[in-house]
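Take 64 as the starting number for the sequence shown in my numbering and just add one per residue.
Note that the Cβ used here is the ideal one computed from N, Cα and C, for glycine as well.
Quick caveat, the model's predicted, so the values are computed rather than measured.
One structure is given below, encoded as structure tokens.
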Amino acid sequence: MRVLVTGHQGYLGTVMVPVLRAEGHDVVGLDSGFFADCVLGKLPGDPPGIAVDLRDVTVEQLAGFDAVIHLAALSNDPLGALHPEITYDINHHASVRLARLAKEAGVRRFLYASTCSVYGAAGEDLVTEDAPLKPITPYAESKVRVEDDVVALADADFTPVFLRNATAFGFSPRLRADIVLNNLVGYAVLTSEVKVLSDGTPWRPLVHAADIASAFATCLAAPTESIHCRAFNIGTEANNLTVADIARAVVDAVPGSRLNITGESGADPRSYRVDFSAAREAIGFRAAWSVPAGAQELYQEYTARGLTSDDFFHRFTRLPHLEKLRDAGILDESMRRIVGAGVTAPA
Ligand SMILES: NC(=O)c1ccc[n+]([C@@H]2O[C@H](COP(=O)([O-])OP(=O)(O)OC[C@H]3O[C@@H](n4cnc5c(N)ncnc54)[C@H](O)[C@@H]3O)[C@@H](O)[C@H]2O)c1
């Protein structure tokens, strides 16, 4: 298939593109390049790409693709909380517009990166795709709105699929240090402390970035009737863990580290345990990576590639990096690239 991957220069996209290419797909990327140079170690080979802001995509740019995998977004709660209107602009309005233009261009499959955080504070029971959606942040709300609006575009020629990914972990050359396992391992490598700011009790379903890539590849190959207009939770019940469980896996992976659950940030309202059986039954998807294996992988990659404090706290943490690009005059207040500005923030 000829596949357009938006957000291909992000954390997940950088892992996903080689997986899709290995399955024989002809991949083109589309990204505004916010994190293009935020690489730990060797720069990966990117596919051919369209350097454009999602908000400015044209129908002509979408012509000739069999499928669109839509990853591009302001990708976490802190970004969403600081700039809710920009989050809705990019994550909601531009995403729905992208789907509409893709349909107009004759794209038949639209695979959307949604999130399990649409379930919000769901408590102890396992949530299925039919559970009520109770987003508690602008980021999660933006994902719910896209699902609602894009469902309405489905017809015999246009198949949207909503992959509600658990929180990702694992090494990507375009690292993110602001997701829980990657963060705990990095902090432990740099300080020998596994520091949990909450009381450690919230449930967090986790899934490796490579497993997310494989879920999208599985959806590209699946018969239309198995996926048409469906939402799938992406992950595995084995990785429904509390933050304290995750932290203990990090202590085991990072030699000489010790656990410190400070509780200083108070109770975290985001807590949910997720049922992943629908994707297993409909498309045979099974996540392979465990959290202890992911913690080991991260420890090895961080130490082999020489993770520094500056990288960890700034370059690989989405919010400070975007603020740096804005302060350097590379992005404007709406997070659009300023014409004629460079691409790299000063060190
Ligand atoms: N990483 C996770 O834990 C996780 C979990 C669930 C869902 N998701 C979703 O998966 C997707 C990818 O996540 P990620 O972790 O790779 O995020 P990321 O921040 O690493 O990558 C997002 C990419 O989108 C691009 N982008 C952002 N705004 C853009 C715009 N206006 N125009 C063009 N490109 C733009 C960025 O440049 C970046 O390359 C996101 O939609 C995210 O919400 C991620």
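Taking the Cβ atoms as the reference, Tyr202 lies roughly 5 angstroms from Asp140, within the contact range of under 8 angstroms. For the 8 angstroms CB-CB criterion, Phe295 and Ala341 form a contact.
Annotation: the continuous alpha helix (DSSP H) that includes Asn246 extends over 243 to 254. Proximity of the region 274 to 293 to the region 250 to 263 falls short of the contact definition, fewer than three beta-carbon pairs being nearer than 8 angstroms.
Between His384 and Phe98, the beta carbon gap of about 7 angstroms places them in contact (Cβ cut-off 8 angstroms). Between the alpha carbons of Ala301 and Ile309 lies a gap of roughly 12 angstroms. Leu161 sits away from Thr150, with the two beta carbons spaced by 8 angstroms or more. A distance criterion of 7 angstroms places the beta-carbon of Thr178 in contact range of ligand 1, judged by its closest non-hydrogen atom.
Going by C-alpha positions, Val170 is about 12 angstroms away from Ala217. Boundaries of the alpha helix (DSSP H) harbouring Ser289: 287 to 290, taken from the DSSP string. Between Val224 and Ile275, the gap from beta carbon to beta carbon reaches 8 angstroms or more. Boundaries cannot be given for Thr264, as no beta strand (DSSP E) includes it and DSSP labels it neither H nor E. When DSSP reads this structure, Gly104 sits in no beta bridge, so it has no partner.
Within the model, the alpha-carbon separation for Thr121 versus Ile132 is close to 16 angstroms. Look at which beta carbons fall closer than 6 angstroms to any heavy atom of ligand 1; those residues are Gly70, Gln72, Gly73, Tyr74, Leu75, Gly76, Asp94, Ser95, Gly96, Phe97, Phe98, Asp116, Leu117, Arg118, Leu134, Ala135, Ala136, Leu137, Ser138, Ile153, Ala176, Thr178, Asn228, Thr230, Ala231, Arg239, Ile242, Arg381.
Inter-segment contact for the region 313 to 331 and the region 232 to 249 is present: three or more beta-carbon pairs are separated by less than 8 angstroms.
Residue nearest to Arg237 within the set Arg163, Gly298, Phe375 is Phe375 (criterion: CA-CA distance). Residues of the same chain with a CB within less than 6 angstroms of the CB of Ala136, apart from the 5 flanking positions on each side, are Asn154 in chain order. Under a 10 Å Cβ-count criterion, Gln72 is classified as buried, with 16 or more other Cβ atoms of the shown protein chains found around its own Cβ. Of the residues assessed, Gly403 falls on the exposed side of the cut-off, its CB having fewer than 16 other CB atoms within 10 angstroms.
Per DSSP, the beta-bridge partners of Thr222 are Arg172. The alpha-carbon of Phe234 is positioned some 16 angstroms away from that of Asp100. Bounds of the alpha helix (DSSP H) holding Thr366 are 354 to 368.
Excluding its 5 nearest sequence neighbours in each direction, Leu164 has C-beta neighbours in its own chain below 6 angstroms: Val122, Leu125, listed in chain order. In the three-state reduction of the DSSP assignment, Ser177 falls in the strand class, which pools E and B. Along the region 182 to 222, the alpha helix (DSSP H) occurs as fully enclosed runs of 4 or more residues at 201 to 214, listed in sequence order. Taking the Cα of Val337 as reference, the smallest distance to any Cα among Ala157, Arg239, Arg267 is reached at Arg267. Residue Ala185 holds the alpha-carbon nearest to the alpha-carbon of Arg333 among Val243, Lys166, Ala168, Ala185.
Contact check for Asn228 against Ile297 passes: the beta carbons are separated by less than 8 angstroms.
When DSSP states are grouped into helix, strand and coil, Val115 belongs to the coil group.
Collapsing the DSSP output to three states places Gly87 in coil. Our two residues, Ala168 and Thr178, have alpha carbons roughly 26 angstroms apart in a direct line.
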